[in-house]
Amino acid sequence: MSDSVIEIENLSFSYGAEPVLDNISLSVERGDILGLIGPNGSGKTTLLKLIVGLLEPQQGTIRLFGQELGRFRTRARIGYVRQRSWDFERHFPASVEEIVRLGRVPRLRWRFWSRADTDAVERAMRAVHIAELRTRPISALSGGQQQRVFLARVLAQEPELLLLDEPTAAVDPKVEAEFYELLGRLNREQGLTIVLVSHDLEALVTQVTKIACLNRKLLFCGTPQECLAGDLLERVYTGKKLVRHQHPWG
Amino acid sequence: MFEIFEFEFMRLAFVGGTIIGVLAPTIGIFLVLRRYGLIGDGLGHIAFGGVAFGQLVRADPIWMALGYSALAAIGIERLRATGRLSGDVAIAIFLSSGLALGLVLARLARRSTDQLWNYLFGSVIALQPRDAVQIALIAALALGVLFFVRRELFFITFDEETARASGIRVGAYNLLLVLLAALTIVSAIQIVGLLLISALLVLPVAAALQLARSFRQTLTLAIGCSVLSVYGGLIGSYYLDTQPGPTIVLAALMVFLLAGGVRLVRGSARRGAA
């Protein structure tokens, strides 16, 4: 049996007449950390949305854990942190713990909350060092703290595949380094498969096991070393240098 | 003071009012946070069309109101979900057409305007024990369903996209929420009235939002504010000889202003300490 977590074949998608993804074929194996890079509008977020089922493929197929996307029912095995996840209703009344507990909802279905759920929430909060913030309102936290809360939420879900869309866009470099270290640890210790969209190329190439470069078409898929060896990045980013991305808020 | 409880209709009004006081903000918190605050208004006006139709064909106006507002709830949600109309436009269409339909049908039914007035703004004098039982049954159904879907509704309310990605059937839960809102509105016809019940869905939640630090706290505080407003309004309407609906809403407004005052005082005390 194949050990592929994600298998994408000849996938195409367009918004109206605007093609966003063109004939993409890609596979992610169990235990991979795949970094998805590409310029703005290259289809990275669309690809993630197709994988989690928020969009439907117009052509081609996606298989998750060996099952066709349309037949895949155990969505709790996939954790997803969307782009700009900190962009929620500004005064939404929720404590940190209440948000982290949401991670258990896909696992609950129609059963009652159990001790195992409480334990999973505790482990997730400790993993990203937010246990002491548990009673604080989510709206009172900094961008970096909020991002850790959303990561804790998805960890509480205990997924086998983690899809993260620009997870470090709102955090400072120190938190970012800790975040990547945590992802590496989860990958090593729990065999978690991770797909990560990021603009921060420097951080990405040192942390991932595989890189896929996208610009409507899949331009490259291989190891970070192979990615850095050629002039691919310069071509894709039209001459931009490989520097740490400076965010206006961080 | 306690002479108010010597009348059976007032005792029934307090029982029914307490139930509505708990139910309205429990639904309202999801509506307010999803910016659906006006849906109560829309469904209330539509329910008025159902009441008038019930009078015209001599059927139970309450059940007719329930049928009308449930159909309208499905219509509003479908229009919003398909993206053909924004939520507020869909509500506005149902709101004005519901009121117009109600007024035309009421005229055709040739019933006294007093009776219509009672459906619109509440009247507790004619309350019977079976009315309180009806309110309790509707509320038990709505609260029971809410208890089972509270986590999914909270997830969707906080982050619809992530909830959808987690496999939660967002469309089905949205529809369920508006149907529960329709149930709540109809349950409150006699005590608060169709045109003012939406205030009880929104005002106590708005008051609680100014003070609470978590979702659980917001809900608990909103229920407290709502029940307090209902009690204040019922007592006020008895002694001032006013209709219960408007008096309850004014009491809820006072609670809201009071919560705003507490927030201001707490904020300045915190700044002073810093």
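Top line first, the protein sequences correspond to chains A and B.
First residue of the first sequence? That's 1 in this note's numbering, and the numbers climb one at a time after it.
First residue of the second sequence? That's 251 in this note's numbering, and the numbers climb one at a time after it.
Don't be surprised by glycine CBs; every beta carbon is placed ideally from N, CA and C.
Pairwise C-alpha distance: residue j and residue i
| i | j | result |
| --- | --- | --- |
| A/T206 | A/D200 | 11 Å |
| B/I378 | B/L262 | The amino acid occupying residue 378 of chain B in the given sequence is Gln; Ile does not appear at that position. Cα to Cα, the separation comes out at about 7 Å. |
| B/A359 | B/Y369 | 15 Å |
| A/F150 | A/F88 | 12 Å |
| A/G66 | A/F112 | 30 Å |
| B/E402 | B/I385 | 26 Å |
| A/N187 | A/I33 | 8 Å |
| B/G482 | B/A456 | 18 Å |
| A/C227 | A/E202 | 12 Å |
| A/N215 | A/P39 | 7 Å |
| A/I24 | A/A177 | 31 Å |
| B/L490 | A/R153 | 52 Å |
| B/L478 | B/E327 | 32 Å |
| B/G267 | B/D291 | 19 Å |
| A/A213 | A/G35 | Reading the sequence as shown, one finds Cys at residue 213 of chain A and not Ala. Each residue's alpha carbon lies about 8 Å from the other. |
| B/E410 | B/R521 | 36 Å |
| A/L26 | A/G16 | 24 Å |
| B/G317 | A/R107 | 35 Å |
| B/A382 | A/I62 | 55 Å |
| B/Y488 | B/M504 | 18 Å |
Contact set between residue i and chain B, taken where Cβ atoms lie within less than 8 Å
| i | result |
| --- | --- |
| A/L47 | None at all; the shortest Cβ gap to chain B is about 14 Å. |
| A/F88 | F408, D409 |
| A/E98 | F404, S464, F465, R466 |
| A/R75 | A415, S416, G417 |
| A/L260 | A query on residue 260 of chain A cannot be resolved here, the shown segment of chain A reaching from 1 to 250 and no further. |
| A/V195 | Simply none; closest approach about 13 Å. |
Where the alpha helix (DSSP H) through residue i begins and ends
| i | result |
| --- | --- |
| B/N368 | 363-371 |
| B/Q467 | 465-490 |
| A/D119 | 115-127 |
| A/V251 | Residue 251 of chain A lies beyond the range of chain A shown here (1 to 250); nothing can be said about it. |
| A/G35 | That residue, A/G35, is in no alpha helix (DSSP H); its beta strand (DSSP E) goes 33-37. |
| B/G294 | 289-307 |
| B/F404 | 379-408 |
| B/Y423 | 420-437 |
| B/G417 | Per DSSP, B/G417 belongs to no alpha helix (DSSP H) and is neither H nor E. |
| B/G511 | 494-523 |
| B/L453 | 447-459 |
| A/Q207 | 201-207 |
| A/L48 | 44-52 |
Beta-carbon contacts of residue i that lie in its chain and below 6 Å, excluding the five residues immediately before and after
| i | result |
| --- | --- |
| A/L271 | Chain A is shown from 1 up to 250; residue 271 of chain A falls before or after that span and cannot be answered. |
| B/R516 | none |
| B/V499 | L446, A449 |
| B/L366 | A356 |
| A/R30 | D3, V5, T193 |
| B/F250 | In the structure displayed, chain B extends from 251 to 524; residue 250 of chain B sits before or after that span and is not available. |
Residue i, DSSP secondary structure in three states
| i | result |
| --- | --- |
| B/I279 | helix |
| A/P167 | coil |
| A/F92 | coil |
| B/Y318 | helix |
| A/P159 | coil |
| A/P248 | With a pLDDT of only 40 at A/P248, under 50, the local geometry of the prediction cannot be trusted, and the value read off the model is given with reservation. Of the three classes helix, strand and coil, the one that applies to A/P248 here is coil, per DSSP. |
| A/A212 | strand |
| A/E181 | helix |
| A/Q67 | strand |
Chain-ordered chain B contacts of residue i [CB-CB under 7 Å]
| i | result |
| --- | --- |
| A/V52 | A415 |
| A/Y15 | None at all; the shortest Cβ gap to chain B is about 14 Å. |
| A/G82 | The question names Gly, but residue 82 of chain A is Arg in the sequence shown. Within 7 Å Cβ-Cβ: E411, T412. |
| A/A94 | F408, S464, F465 |
| A/L34 | Per Cβ cutoff of 7 Å: no residues; A/L34 is ~18 Å from chain B at best. |
Span of the beta strand (DSSP E) around residue i
| i | result |
| --- | --- |
| A/G222 | 217-222 |
| A/E18 | 18-29 |
| A/E9 | 4-15 |
| A/T61 | 59-64 |
| A/G79 | 78-81 |
Same chain, Cβ closer than 7 Å to residue i, five either side skipped, listed in chain order
| i | result |
| --- | --- |
| A/G184 | Q207 |
| B/S319 | L293, I296, A297, G300, A432, I435, V436 |
| B/L288 | D338, I341 |
| B/F371 | G443, L445, L446, Q493, G495, P496 |
| A/A120 | R104, A156, E158 |
| A/I99 | I138, V149, R153 |
Partner residues on chain B for residue i, Cβ-Cβ distance less than 9 Å
| i | result |
| --- | --- |
| A/H91 | L459 |
| A/P137 | A462, R463, S464 |
| A/L102 | R401, F404, F405, F408, D409, T412, A413, S416 |
| A/V105 | R401, E402, F404, F405, A413, S416, I418 |
Own chain partners of residue i with C-beta closer than 8 Å, once the 5 adjacent residues on each side are dropped
| i | result |
| --- | --- |
| A/T135 | S95, V96, E97 |
| B/V272 | A389, L393, I473, S476, V477 |
| B/F405 | T412, A413, S416, I418 |
Within chain A, partners of residue i - CB distance below 9 Å
| i | result |
| --- | --- |
| B/L453 | Ordered by position in chain A, no residue passes the 9 Å Cβ test against B/L453, which lies about 16 Å from the chain. |
| B/L283 | E89, F92, P93 |
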